[in-house]
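In what follows, a structure is listed as structure tokens, so that the remarks can point back to it.
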Amino acid sequence: VQLQASGGGLVQPGGSPRLSCAASGSIFSINTMGWYRQAPGKQRELVASISSSGSTNYADSVKGRFTISRDNAKNTVYLQMNNLKFEDTAVYYCKIVNRGGIAYWGRGTQVTVSS
Numbered sequence: 003v004q005l006q007a008s009g010g011g012l013v014q015p016g017g018s019p020r021l022s023c024a025a026s027g028s029i030f031s032i033n034t035m036g037w038y039r040q041a042p043g044k045q046r047e048l049v050a051s052i053s054s055s056g057s058t059n060y061a062d063s064v065k066g067r068f069t070i071s072r073d074n075a076k077n078t079v080y081l082q083m084n085n086l087k088f089e090d091t092a093v094y095y096c097k098i099v100n101r102g103g104i105a106y107w108g109r110g111t112q113v114t115v116s117s
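The opening residue of the sequence shown carries number 3 in my numbering; numbering runs sequentially from there.
As structure tokens, then:
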């Protein structure tokens with residue numbers, strides 16, 4: 003199983019990039035999909051997750067600014083990020099969990115918010 007994330011890069015404050023993460027390989031029925039991030043010197047934290055039924059969960063720091071969505075036909079999860087702040091700078095990782103409870107992680111994509 004491989005997770006390929008894209009969409010990161012250098013963004014100005016207030017910018018609105020969208021991250022994508024496509025899963026490929028022998029995936030048996032994906033359950034939860036999510037995005038995590040890790041800033042320098044900090045622990046990895048949950049940003050947002052979405053269940054197979056479409057229920058979403060967000061970190062308080064991104065509520066109202068980020069939107070997670072998924073395309074089940076493409077085994078892809080998206081993270082629309084709006085109104086980026088300096089503190090959103092981090093490596094963003096996608097994660098999927100299949101119905102057997104096995105978790106897979108992407109390698110991460112850097113998002114740097116800088117003017």
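For glycine and all other residues, C-beta sits at the position ideal for the given N, C-alpha and C.
Your pair residue 36 and residue 21 does not check out as a contact, with CB atoms roughly 12 angstroms apart and the cut at 8 angstroms. In this structure, residue 86 lies away from residue 3, with their beta-carbon atoms at least 8 angstroms apart. According to the DSSP assignment, residue 36 belongs to the beta strand (DSSP E) that extends over 32 to 40. Sequence-distant partners of residue 71 (beyond 5 residues in either direction) whose C-beta falls short of 6 angstroms from its own C-beta, in its chain, are 80. Residue 104: not part of any beta strand (DSSP E); DSSP gives it neither H nor E.
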